[in-house]
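Numbering-wise, the sequence shown is residues 1 to 257 according to my numbering.
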Amino acid sequence: MARFDERVAVVTGAASGIGEAVVRRLVAEGAQVIGGDLSAERLQALAGDLGAAFRGVVTDVTVESDVEAMVATATDAWGRLDLAFNVAGGARPGPIVDLTEADWDATVDLVLKGVFLSVKHEARVMRAAGGGAVVNVSSLNAHVPMRGGGSYAAGKGGVEMLTRTAALELAEDGIRVNSVLPGLVRTPGTAAVFDRPRVHEAFLARIPLGRAADPDEVAGPCLYLASDDARYVTGTALVVDGGWEITGYPDVRALGS
1 MARFDERVAV VTGAASGIGE AVVRRLVAEG AQVIGGDLSA ERLQALAGDL
51 GAAFRGVVTD VTVESDVEAM VATATDAWGR LDLAFNVAGG ARPGPIVDLT
101 EADWDATVDL VLKGVFLSVK HEARVMRAAG GGAVVNVSSL NAHVPMRGGG
151 SYAAGKGGVE MLTRTAALEL AEDGIRVNSV LPGLVRTPGT AAVFDRPRVH
201 EAFLARIPLG RAADPDEVAG PCLYLASDDA RYVTGTALVV DGGWEITGYP
251 DVRALGS
């Protein structure tokens with residue numbers, strides 16, 4: 001398919017996991033893509049795979065000047081910006097009573113402020129060009145709490161509401177804004193779940209479809225929301241979790257390995 005021929009996109013968290021899957025799908029469907037990530041090495045490897053349709057930019061999404069420069073790279077290279085996928089995330093987990101202020105700030109800045117800064121600068125460029133589509137990757141944890149994940153869940157919940165607010169504010173500019181809420185996905189960031197058999201089993205027991213997602217299975221819904229097939233969809237939160245939300249979150253504290 002060529003749903004995104006002549007479209008220009010930016011993707012944060014582009015060099016691994018869901019972000020990389022989004023990049024690869026976009027390029028395969030005709031888009032030119034700027035990928036932002038902290039890892040220069042992984043961006044370079046991705047550029048080697050994808051050729052001229054992809055350019056990597058080392059980007060810390062918690063630093064506004066980095067985000068602004070990433071967006072400017074898209075317009076400098078291809079003269080426009082049509083699509084944005086804000087995927088970058090991570091966490092420094094810990095129980096609320098023990099969590100340091102620094103770890104709280106690091107997590108919330110990455111998962112929430114990073115999305116705010118990205119939407120801010122992406123939307124400015126899209127508005128000037130007459131419209132576009134933004135997809136923010138939140139998390140199932142926006143709806144389902146987990147022990148030790150207070151900062152992450154709060155930040156991801158904030159992403160969902162930020163998305164809805166942005167959809168409301170930007171609709172008159174022709175910009176649609178939606179979010180995707182993945183459940184358990186096989187990425188470098190979730191390796192600890194799969195490395196601990198009893199923990200892995202506890203997670204799978206909560207997932208009616210009986211398995212974790214591959215990154216491409218989240219990238220597909222992200223691209224749908226950015227496509228013309230979703231041209232009348234804005235402000236929505238699409239849960240992509242194999243049914244996990246309807247069963248709850250496991251207590252893994254006593255499971256060990």
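For each residue, glycine too, the CB sits at the ideal point set by N, CA and C.
How many Å lie between residue i and residue j at the Cα?
{"i": "residue 220", "j": "residue 18", "result": "10 Å"}
{"i": "residue 239", "j": "residue 140", "result": "7 Å"}
{"i": "residue 35", "j": "residue 214", "result": "20 Å"}
{"i": "residue 75", "j": "residue 68", "result": "11 Å"}
{"i": "residue 199", "j": "residue 252", "result": "6 Å"}
{"i": "residue 137", "j": "residue 163", "result": "10 Å"}
{"i": "residue 212", "j": "residue 52", "result": "33 Å"}
{"i": "residue 227", "j": "residue 2", "result": "11 Å"}
{"i": "residue 23", "j": "residue 47", "result": "10 Å"}
{"i": "residue 110", "j": "residue 135", "result": "16 Å"}
Quick one: using the 10 Å Cβ neighbour count with 16 as the cut-off for buried, is residue i buried or exposed?
{"i": "residue 65", "result": "exposed"}
{"i": "residue 165", "result": "exposed"}
{"i": "residue 96", "result": "exposed"}
{"i": "residue 170", "result": "buried"}
{"i": "residue 41", "result": "exposed"}
{"i": "residue 49", "result": "exposed"}
{"i": "residue 20", "result": "buried"}
{"i": "residue 182", "result": "buried"}
{"i": "residue 168", "result": "exposed"}
{"i": "residue 243", "result": "exposed"}
State the DSSP-derived secondary structure class of residue i, mapped to helix, strand or coil.
{"i": "residue 174", "result": "coil"}
{"i": "residue 55", "result": "strand"}
{"i": "residue 34", "result": "strand"}
{"i": "residue 213", "result": "strand"}
{"i": "residue 179", "result": "strand"}
{"i": "residue 12", "result": "strand"}
{"i": "residue 89", "result": "coil"}
{"i": "residue 137", "result": "strand"}
{"i": "residue 97", "result": "coil"}
{"i": "residue 150", "result": "helix"}
{"i": "residue 185", "result": "strand"}
{"i": "residue 74", "result": "helix"}
{"i": "residue 2", "result": "coil"}
{"i": "residue 114", "result": "helix"}
{"i": "residue 83", "result": "strand"}
The region 139-159 in contact with the region 189-196 per 3-pair CB rule at 8 Å: no
Any 3 or more C-beta pairs closer than 8 Å across the region 6-16 and the region 25-35: yes
contact_flag[the region 245-252, the region 205-214] where n(CB pairs < 8 Å) is 3 or more: yes
Validate contact between the region 92-107 and the region 117-130 using beta carbons, cut 8 Å, 3 pairs: no
Meets three-Cβ-pair contact criterion under 8 Å: the region 150-166 and the region 86-96: yes
The region 128-135 in contact with the region 79-88 per 3-pair CB rule at 8 Å: yes
Cβ pair count under 8 Å reaching 3, the region 164-180 against the region 226-234: yes
Uninterrupted beta strand (DSSP E) stretches inside the region 192-250 (no shorter than 3 residues): 237-240
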